[in-house]
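Chains as they are written, first to last, in the working numbering: chain E, 582 to 1093; chain W, 2 to 506.
Cβ atoms here follow ideal geometry from the backbone N, Cα and C, with glycine treated the same way.
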Amino acid sequence: MIFLAIGHPVPAYLQALPQSSDYARILPEIVLSIFGMVVMMLEPLIDERKSQKLLAGIALAGALTALASVWFMAQNPGQAFWNMVQVDGFSIFFHVLIIGIVAVSILSSYEYMGVQRIRAGEYYALVLFGAVGMALMSSAIELVLIFIALEISSISSYVLAGFRRREASSTEASLKYFLLGSFATAFFLYGVALMFGATGHTNINEISQTLLAGQVPLLAVLAVAFMFVGLGFKVAAAPFHVWTPDVYEGAPAPVVGLMSTAPKAAAFAVLLRIVFVVNVHAIFWVIWVAAALSMTLGNLGAFVQNNIKRLLAYSSIAHAGYVLVAFAAAPAAGTSAVMFYLSCYAAMNVGAFAVVSHFANAGERYVTLEDYAGLGRSSPLLAAALTIFLLSLIGIPMTGGFFAKFYVFSAAVRSNLIWLTIIGVLNGGVGAYYYLRIIVAMYMKETRREVPVAPVSFAPRLAIAVCLIVTIYLGVFPGSVLQYAQDSAQQLVQQPLSPIPSKPAPAAAATL
Amino acid sequence: MNIRDLDQVILTLVTFVPLAGGLLLTFLPRRDRDIRIFALVISLLTFVLSLHLPVYFHRVRAGFQYEIDRQWISTPNIHYHMGVDGISLWLVVLTTFLTPLCVLISWTSIRERVKEFFILLLILETALVGVFTSLDLFLFYFFWEATLIPMALLIGMFGHERKVYAAVKFFMYTMIGSVFMLAAILWLYAHTGSFDFVVIRDQIASGAVPKFPAAAQWLFLGFFLAFAVKVPLFPFHTWLPDAHVEAPTAGSVLLAGVLLKMGTYGMLRFNLGLFPEQARRNASWIMVLALIGIIYGALVAMVQPNVKKLIAYSSVSHLGFVVLGIFSFTQAGLDGAMFVMLAHGISTGGLFMLAGILHERRHTYEIKEFGGLASIMPLYAALFLVIVLASAGLPLMNGFVGEFLVLSGTFEAKAVFAILAATGVIWSSVYLLWMYQRVFYGKVTHEVNNSLTDLSGYEKWAVWPCAVTALVMGVAPILWLGAIDPAVQAALNPFTRLASRLVGQ
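Laid out in structure tokens, this is it:
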């Protein structure tokens, strides 16, 4: 605590030890880990029937405390732990996003867990531990640390996917996710090793400086391509997307809401650092093809789905494609478009899955399109909320999804990617169809069988309200979030050329 | 307070009062009568507010008036820029005029989910007015897309048997058409750094936009496709009959009265305004399509067994006149196109209301189900005749003025086209009068028709204004053309410059 003030002279013999500012720079991760451990330790001590409420409360408190601690982290921008972690506007943005998603997901799973009669303890602990990994992914700049963070987040999501233990489909989802996921992370690790071979570094900034100094060796291109495969799996980009529908169908609905947004955001954050900071142009066409394929295959696949969760799984593949369009664009505009897109997507998708988890009922019995028929009459408010989330996924004005698509395609046009833009906007138009099918079912079809809709309890109601407010806020006043994304993107793209100044960057200080 | 102080905010008020009313309506308890009254009050208030626009409009000035220009989002540079000129002025008033009539005509015919219906109707009004008032391309696209949802929901929730099919078809057609416009708008922004219509127009005119000549044709087509689907120009018209037949009456009225004009307005404002050279180069095939639309629409209308489908196809024919007039690039042609838009809005809106009244009583639109109604429903028959004659283009009625101007303008540009298009006028009296004869004259062929009641109070209030306006527009078109003329002249300026440059070479 003595050395908290940054820039204070530190005795030479202490410099080898981590200082308090180092800890401040990973404070949210520390907070999340502590709360996760508290949940784990309390779980066996209390009565199983009562544990749900308390543990969810602790987990939520943990997420909120972590969110608050991001503020302390933001006061100490710079690198920590011997340049392994870097706190800048970019990582702060993703910390807020990821921990926010986790908090809302905890809210939306609270009721679900009770309805499905799932033991709560490990669930909340795993959610918090997963958040540690994802948050760390967004601030780590050391490839090995990124790999470790990726594993922390992946392993907890493998387990979370299998939480409906009584269902075969959930076990299948978990196993499938685990097997294919490990395969993909191996690719990432392979890429790290190749990169080390090519440049002699595992630190992204140093790699970038080495690559900028001379000609880019083929090995480095290959390394980035391998890492792209690994991360492409995590974000469900085509052609690495085949696991998505099965896993999303089997996993518990609130987990899917979490899984389709937070780990994706984290993986995209890593991808942003790798693609734009390492700046290897050679993989431009890989990204181009992956973007076009993801959008097209995702939308085409979604057309024929009757299960809402499968439908939203394909939609998430398509949305990964839209995000990748921005990756193909010029760094400055592309980065901010990606960041804005991810925050909108998080709000609308977590919201949609919160509604889906509520409708699903015990054993997730009601998840097909037919079950949604007539919901506009039987529960107008929930149906209206889901409609707004779906309209946002389509990209209709007044919702965040509209600006998200708009910024992505605007970045693409500015980089002269006319064909990719045309493929993208066409997909956006055609893709409207399957979201519309859900809206049509809710409002224009008559109920066929009795679908009981329980009254919504406070926690999921709050979760849906938060998602709604964010979705509409981003659709009407996108300016402030976009401005922040642009400022931090500027930092991200420029910084590797010079060592990070130890005093707070003005942009980050001004916005927070 | 001086009433001219309103000038700054009037467009904002006219655009957003309906939306505010719709949002307020969500908090009202589900007492259907109160909801109807509230919706009527809001839509009438909007209409009264919108009358401020023509009353204090400077008729001789060509540029945009009542402008408001505030920054909405700094990067990208999106402005809340609104304004009207003689072209958009009357389309705004047309929208606000038809909406209260829609409320009246739905008074008794909508019995279920009344609250949702009127909320959607008011939201739709805001989006429609916004399309005509926005001068920022982004804002325009924003409202353009925003019209889709309430309209599709109106068709899908309150329509007839095949409502879902019609709603989805309507949505997908327009959605896919307009994404090309989005791509074109994004290109323009990327190369001019602005979404502002006036700024982009001036930059293009002065040749300051890099890479513009290579891209211009594609940009023109991007905009044109979105508008052609909306108009609908042959061969993009297939969504229209489905949407019309299945839509509830108020939906059809706004669809035919205003939504179709979004397409022709867009052509006039953006295709001609931003890309005069490409407009001239593409004019010939577009005019051919318009001509096919006029004749094909009329012939298909003639053989329809269903009143509503007949009116729907007649819209394809009438809107063909508008496109023909626009791409004739003559003063008379453009004046006429504008006038046909307004006249078509009034008379087709009226026809759809009258058809809806019939459906309300017999739950069918089939012509052969009726006959001899003139003796049973005399007032209804009289009003129907007035509107039919207006629509068929009888002199001294509104349809005549517009079609005459379009034809004379087209004659100046391409005489053959005018001669062929003139047959459309004949066809329109054939299908309309024949339909009128089969429905109203002769013997009463179906027993049930004997007990039909004449117009009720609300229905009278809905149809009368249309009939009166149709007559006034036919007798004193100058009231409308006075404001249209300078705006059209300004829109044609680049074309006269272009022509003189060509002559000078």
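- F28 (chain W) is classed as exposed because its beta carbon has fewer than 16 other beta carbons within 10 Å across all chains shown.
- W481 (chain W) sits buried, since 16 or more C-beta atoms from the chains shown fall within 10 Å of its C-beta.
- The stretch 1032 to 1052 of chain E and the stretch 923 to 943 of chain E touch, with no fewer than 3 CB-CB distances between them shorter than 8 Å.
- Nearest C-alpha to G294 (chain W) among W:L234, W:P478, W:G264 and W:I124: W:L234.
- DSSP places W663 (chain E) outside both helix and strand once states are collapsed to three, so it counts as coil.
- Between G346 (chain W) and S318 (chain W) a beta carbon distance of about 15 Å is seen, past the 8 Å cut, so the two are scored as non-contacting.
- In the pairwise beta carbon analysis, the stretch 614 to 628 of chain E is classified as touching the stretch 703 to 718 of chain E: at least three pairs are separated by under 8 Å.
- If you draw a straight line from the Cα of I358 (chain W) to the Cα of E460 (chain W), it is about 8 Å long.
- Nearest neighbour of G915 (chain E) by Cα position, chosen from E:L998, E:V885, E:G879 and E:G957, turns out to be E:L998.
- According to DSSP, A721 (chain E) shares a beta bridge with E:V666.
- In the DSSP assignment, W824 (chain E) falls outside any alpha helix (DSSP H), carrying neither H nor E.
- If you check the CB distance, G157 (chain W) and Y1015 (chain E) do not come in under 8 Å.
- For L95 (chain W) and Y314 (chain W), the gap between their C-alpha atoms comes out near 21 Å.
- S107 (chain W) and W462 (chain W) have their C-alpha atoms spaced approximately 12 Å apart.
- Using a 10 angstroms sphere on the CB of V651 (chain E), the tally of other CB atoms reaches 16 or more, which defines it as buried.
- Within chain W, F172, M173 and M176 have C-beta atoms less than 8 Å from the C-beta of A1013 (chain E), given in sequence order.
- Within chain W, the residues I74 have their CB atoms less than 8 Å from the CB of P1059 (chain E), given in chain order.
- Cβ contact annotation for K986 (chain E) (same chain, cutoff 7 Å, sequence separation greater than five): Y903, G976 and G1009, in chain order.
- If you draw a 10 Å sphere on the C-beta of Y758 (chain E), you find 16 or more other C-beta atoms in it, and that means buried.
- The alpha carbon of W91 (chain W) has as its nearest neighbour, out of W:G337, W:A484, W:L187 and W:L138, the alpha carbon of W:A484.
- Apart from sequence neighbours up to five positions away, the residues of its chain that approach E951 (chain E) with a beta-carbon distance below 7 Å are R1029, ordered along the chain.
- Taking the C-beta atoms as reference points, A941 (chain E) is found nearer than 8 Å to V948 (chain E).
- With a cutoff of 8 Å on beta-carbon distance, A191 (chain W) and S991 (chain E) are scored as near each other.
- In terms of Cα proximity to Y922 (chain E), the closest of E:M979, E:A863, E:V989 and E:G795 is E:V989.
- If you check each beta-carbon in the stretch 961 to 980 of chain E against every beta-carbon of chain W, the ones closer than 7 Å belong to L972, I977, P978 and M979.
- Listed in chain order, the non-local C-beta contacts of T175 (chain W) below 7 Å within the same chain comprise L149, V230 and K231, local neighbours out to five positions each way being set aside.
- The beta carbon of N784 (chain E) sits closer than 7 Å to those of N664, I722 and E723, all from its chain and outside the five residues before and after it, given in chain order.
- Within chain E, the residues whose beta carbon sits less than 7 Å from that of E146 (chain W) are I977 and P978, listed in sequence order.
- Counting along the chain, the unbroken alpha helix (DSSP H) around H53 (chain W) starts and ends at D33 to V56.
- Residues of the stretch 985 to 1018 of chain E with a Cβ closer than 7 Å to any Cβ of chain W, in chain order: F990, S991, V994, R995, T1002, I1003, V1006, L1007, G1009, G1010, V1011, A1013, Y1014 and L1017.
- Beta-carbon to beta-carbon, G1012 (chain E) and A899 (chain E) are separated by about 6 Å, close enough to satisfy the 8 Å threshold.
- I111 (chain W) sits in coil when the DSSP states are folded into three classes, being neither helix nor strand.
- At a beta-carbon threshold of 7 Å, the residues of chain W lying near Y1024 (chain E) are L154, G157 and M158, ordered along the chain.
- Assignment of beta strand (DSSP E) within the stretch 828 to 915 of chain E, counting only whole runs of 3 or more residues, yields no such run.
- For V666 (chain E) against A712 (chain E), the beta-carbon gap comes to about 16 Å, at or over 8 Å, which does not count as contact.
- Taking a contact to require three or more Cβ pairs closer than 8 Å, the stretch 213 to 222 of chain W and the stretch 128 to 148 of chain W do not qualify as touching.
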